[in-house]
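Mapping of the sequence shown onto our numbering: position 324 corresponds to residue 324, and the numbering continues sequentially without gaps.
What follows is one structure encoded as structure tokens, with my remarks underneath.
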Amino acid sequence: FWAGSDDGVMHISRDGGKKWENITPAASMLPDMAIMSIVHPSDHTAGKAYVAAKRYMSGDRKPYLFKTTDYGKTWTSITAGIPADEHCHVVREDPNKAGLLYAGTERGVYVSFNDGGSWQKFSLDLPVTPVRDLQIHKREKDLVIATHGRSFWIMDDITPLHEIADLERNGKAVAGVHLFKPRHAYRMDGGAGSPRGGDASGEGENAQNGVITRYYLKNKPAKELKLVFMTTAGDTISTYSNLKDRKGQPLKVAKEFYQDETMERPGSAPAKPGMNVFVWDMRYPDAATVEGTNVMWTGRGTGAKVVPGTYKVRLLLGDSLVAEQPIEIRKDPRLATTAADFQAQFDLLQKINGKLSETHKAINQIRQIRTQIDGYTKSVKEPKAAEKFKKAAKPMLDELEKLESTLMQPKSKAQQDALAYPIQLNDKMAGIASVVSSADTKPTKSSFMAYDDLSKQIDGALSKLKEIVNTQVPTFNRMVTEQQIPAIILN
């Protein structure tokens, strides 16, 4: 047992409290009448402990932090780096990393990577406030602090500090580009990267939903930065860039005055000097989209979430691999869902999105053909020839319009239009995905049956489109060529 009093005395008992020994630091180190604020026995080394003491009530605002490795027989002062007028309330050792210390002072938080040999300011966005206590959540590896009058604060995932401590211990510094190992993540319900809570009632804000990926950049990279999330077998799941969006298109940069260059753009990997944070939503890419208007009522074609398991992330500059780290994704511990159930859900969602992509690509092709035909008929100036074109194109245009109306609802221009016009195949297919992904459980039999039924209908429409492309389009192109107009181009 370790015991500290509010009048500057320390005792220890090594026999369950039967006998106590005075182990108060020498008066030359700690003057009389100090308040022994915190005694923190080490989680890693027997006989080792840390003490925070304070004498501000006696007009002495010096920091007093001590360390012993021999059950209090000798003490070492460990205050280097903490201002001489900033008294300390608490000191804690990280339960997951020996020698990594945190101190709470009258004005903030400090961290030591070398067992108290030196301290660095670690308040970040924390306001200047007295920090009365600190705790480290051992399982989740979060730093939790209690302030005097400024609420509780939580720093989610302090594992990067563990890596920095290891580097410092080996006499190394963080490299110019460093990818930290992500903490384990839980596959939870909810939006990608969306924290919950934080309303006017004073509730706190949860950690972001996803794999929190941190990387350090000494300078802004001259080449494109990419984060590639992969299976352990090396198959790419999704790629994010600081220059391109998820579809591989260049990111649009706002042109307004006084643009905040540090503001992160949604869907992109930040690449600013210093520490960068990207939250992976654990999803495969979304289904292909329709170019132009396509109002969806029951679903969006959002990519399927990966099943719980192990994955990896790579950081690349240009095409050069800089670093790779493993990722562990755990299921919600409250669920009884099995690995086989998760896999069945994932497989069905991938099939749904695959079929939805086929559908949307077909709709895009229909619109491309129709747009080109309209352009050709308008380009023919001679009335009789123009009428001939319209007459020749009408059967094909009618069939294309019918197919488009089968695959989607072209009359819907806004979300509420679905109340007036029935949804079609693509919306129905997306609706199945919404149901299947609404809970982390095995899909129902009816979901499989609905998918099979809609797939047959979609395949029938796609077969008709293929027939038009292979027969009617070439016939129309021959007519166009005779008029020396460029033929229909099929993407």
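Just so it is clear, CB atoms sit at the ideal spot from N, CA and C, and this is done for glycine as well.
Everything numeric in this text was worked out from a predicted model, so none of it was measured.
Pair within 9 Å by beta-carbon distance, residue i and residue j
i      : j      : result
Asn276 : Leu217 : yes
Asp6   : Met29  : no
Lys445 : Ala340 : no
Ala26  : Gly8   : no
Val211 : Ile327 : yes
Thr406 : Gln372 : no
Val177 : Ala323 : yes
Ile329 : Val306 : yes
Leu465 : Ile352 : no
Glu86  : Arg61  : yes
His360 : Ala414 : no
Val51  : Gly104 : no
Glu298 : Asp133 : Here the sequence assigns Thr to residue 298, which means Glu is not the residue at that position. No, the pair does not count as a contact, with Cβ atoms beyond the cut-off.
His148 : Val128 : no
Val313 : Met408 : no
His89  : Ile38  : yes
Thr76  : Thr68  : yes
Leu349 : Val436 : yes
Glu106 : His40  : no
Asp142 : Ile154 : yes
Glu492 : Ile468 : Residue coverage of the chain in this structure runs from 1 to 491, which leaves residue 492 outside it and unanswerable.
Val109 : Lys121 : yes
Proximity test, Cβ basis, 9 Å: residue i and chain B
i      : result
Trp153 : The structure shown has no chain B; it contains just one protein chain.
CB-CB length for residue i against residue j, believed under 8 Å
i      : j      : result
Asp281 : Ala207 : Actually they do not touch by this definition, with Cβ atoms about 14 Å apart.
Gly301 : Ala418 : About 16 Å; that fails the 8 Å criterion.
Gly47  : Asp70  : 6 Å
Gly99  : Asp125 : At roughly 26 Å, the Cβ-Cβ gap does not stay under 8 Å, so Gly99 and Asp125 are not in contact.
Leu179 : Gln325 : 6 Å
Tyr215 : Leu315 : 6 Å
Ser241 : Ser268 : 7 Å
Tyr284 : Met230 : With a Cβ gap of about 12 Å, Tyr284 and Met230 do not count as contacting.
Ile136 : Pro95  : 6 Å
Secondary structure of residue i, DSSP reduced to three states
i      : result
Met10  : strand
Pro308 : coil
Gly198 : Low confidence applies here, because Gly198 scores a pLDDT of 48, under 50, leaving its location unreliable; read the following figure in that light. Residue state, collapsed to three classes: coil.
Asp286 : coil
Tyr110 : strand
Ala3   : strand
Arg370 : helix
Tyr376 : helix
Val313 : strand
Glu291 : coil
Ser447 : helix
Arg169 : helix
Asp341 : helix
Asp60  : strand
Ser77  : strand
Leu454 : helix
Glu358 : helix
Val469 : helix
Lys97  : coil
Ile352 : helix
Asp459 : helix
Leu419 : helix
Asp440 : coil
Glu163 : helix
Asp125 : coil
Lys464 : helix
Element boundaries [beta strand (DSSP E), containing residue i]
i      : result
Tyr71  : No beta strand (DSSP E) holds Tyr71; DSSP gives it neither H nor E.
Arg330 : Ser320 to Lys331
Residues that DSSP places opposite residue i in a beta bridge
i      : result
Asp156 : For Asp156, which the question treats as bridged, DSSP gives no partner whatsoever.
Ser238 : Phe229
Asp133 : Ala146
His40  : Tyr50
Tyr216 : His178 and Met275
Arg92  : Tyr102
Gln120 : Val111
Ala185 : Ile329
Ile35  : Lys54
Phe66  : Val51 and Ser77
Asn22  : His11
Trp280 : Val211
Lys244 : Pro250
Residue range of the unbroken alpha helix (DSSP H) whose run includes residue i
i      : result
Arg478 : Val473 to Glu482
Leu403 : Pro383 to Leu407
Leu335 : Counting along the chain, Leu335 falls outside any alpha helix (DSSP H), and DSSP gives it neither H nor E.
Gly431 : Leu425 to Val436
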